[in-house]
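Asker: For what it's worth, the working numbering labels the leading residue of the sequence shown as 258, then goes sequentially.
I have a structure here, written as structure tokens, and I will follow up with some questions on it.
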Amino acid sequence: MYRINLSETREADWTITATDPEHGKVKIKIRYLLLDRDQIAERILGGLGDDSESDVGRFEALRRTLSREEMERRDLELAERIVDWDLGNEAGEKLPCTMPNKLAVLKIPFLFEPIDKGLFDASRGGQRKN
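In structure tokens form, the structure reads like this:
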């Protein structure tokens, strides 16, 4: 029998693939605080669950569609759902998963879309990526 604790907050580790213009494809493991059913539905209805555009194309489309304040609010909401990650700094040391660092990372186009899509996929129970 599968057991579930309905009182617990759901978190999950998810591996995303981003395409760094200098280093090619890179895999990054992120621990997310998952979306609930209503939040998933809201993203789908708002067109934010669509993965038809390229990483940078989707990022730029969001930046053009949303006001600066709306995009900052969206970045903050996404950053709040990132619990931990395996990102490193220039020296190869683990980059602390702090709010300022999360917001800075989300401003990078080739990282924003896979991180955003990773939250959506992990929350829906999409095919596991390792």
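Beta carbons are placed, not taken as given, at the ideal position from N, Cα and C, and that holds for glycine.
Predicted model only: the values in this text are computed from it and were never measured.
1) If contacts are defined as beta-carbon pairs under 8 Å, then Thr274 and Lys282 qualify, I think. What distance do you get, rounded to the angstrom?
2) Roughly how many angstroms lie between the CA atoms of Leu333 and Val340, to the nearest whole one?
3) From the DSSP output, which residues share a beta bridge with Gly349?
4) Would you mind stating whether Leu292 and Ala269 have Cβ atoms separated by less than 7 Å?
5) Per DSSP, Thr276 forms a beta bridge with which residues?
6) Evaluate Lys359 with the Cβ neighbour count: other Cβ atoms within 10 Å of its Cβ, from every protein chain shown; 16 or more gives buried, anything less gives exposed.
7) Buried or exposed for Asp373, please, with buried defined as at least 16 other CB atoms from any protein chain shown within 10 angstroms of its CB.
8) Kindly indicate which residue of Asp277, Tyr259, Thr266 and Ile297 has the alpha-carbon position closest to the one of Phe377.
9) Is DSSP giving Arg267 helix, strand or coil here?
10) Could you please give the first and the last residue of the uninterrupted alpha helix (DSSP H) stretch that includes Ile301?
11) Taking all protein chains shown into account, do 16 or more other C-beta atoms lie within 10 angstroms of the C-beta of Tyr259, making it buried, or fewer, making it exposed?
12) Take Ile365 and list the residues in its own chain whose beta-carbon comes closer than 8 Å to its own, dropping the five residues that flank it on each side.
Answerer: Per the coordinate set shown:
1) 6 Å
2) 13 Å
3) None; Gly349 has no bridge partner.
4) no
5) Lys282
6) buried
7) buried
8) Ile297
9) coil
10) Arg294 to Leu302
11) exposed
12) none
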